[in-house]
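A.B. asks:
See the structure below:
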């Protein structure tokens, strides 16, 4: 699948510690190849229409949506609670 990112995702990504950015890139690559990869722990976010969360590590999450059936659009990345507060 193709991967795009909203500007908000890019801004939040730049503010992350470098170690977390590296983990996030690895997880984004996995997400583009296999959304069911066990390390991603992908779940639909309750109360939303088509917004999903994926795990970066134990503390960080990213949210995304699928557009057009072949594109992952990254929405938000950050601390678990913050990322899921405004997915």
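Numbering (the numbering used here), first residue to last: 14 to 100.
Where a beta carbon is used, it is the ideal one built from N, C-alpha and C, also for glycine.
Note down, in chain order, each residue of its chain lying with its Cβ closer than 8 Å to the Cβ of residue 43, except the 5 sequence neighbours on either side.
C.D. replies: Residue 43 sits at position 30 when you count from the first residue of the chain shown. So the list reads 50, 52, 53, once near-sequence residues are dropped.
A.B. asks: If you count every other CB in all the chains shown that lies within 10 Å of the CB of residue 95, and 16 or more means buried, which is it?
C.D. replies: Here residue 95 refers to the residue found at position 82 when the chain shown is read from its first residue. Residue 95 should be labelled exposed.
A.B. asks: Looking only at its own chain, which residues have a Cβ that is under 6 Å from the Cβ of residue 62, when we skip the five neighbours before and after it?
C.D. replies: Mapped onto the chain shown, residue 62 falls at position 49. Here the set comprises nothing.
A.B. asks: What's the gap between the Cα of residue 79 and the Cα of residue 30?
C.D. replies: Taking the chain shown and counting its residues from 1, one reaches residue 79 at position 66. Taking the chain shown and counting its residues from 1, one reaches residue 30 at position 17. One C-alpha to the other measures close to 27 Å.
A.B. asks: Locate the alpha helix (DSSP H) running through residue 38, then write down its first and last residues.
C.D. replies: As a first step, residue 38 must be located in the chain shown, where it is residue number 25. It spans 31 to 46 - the alpha helix (DSSP H) in which residue 38 sits, taken as one unbroken run.
A.B. asks: Just reading off the beta strand (DSSP E) that residue 92 is part of, what are its end residues?
C.D. replies: For the purposes of this step, residue 92 is taken as the residue at position 79 of the chain shown. Segment 84 to 92, the beta strand (DSSP E) holding residue 92.
A.B. asks: So residue 72 and residue 92 are supposed to be a Cβ contact under 8 Å. How far apart are they, rounded?
C.D. replies: Stepping through the chain shown from its first residue, residue 72 is reached at position 59. Stepping through the chain shown from its first residue, residue 92 is reached at position 79. Yes, residue 72 and residue 92 are in contact; Cβ-Cβ is about 6 Å, under 8 Å.
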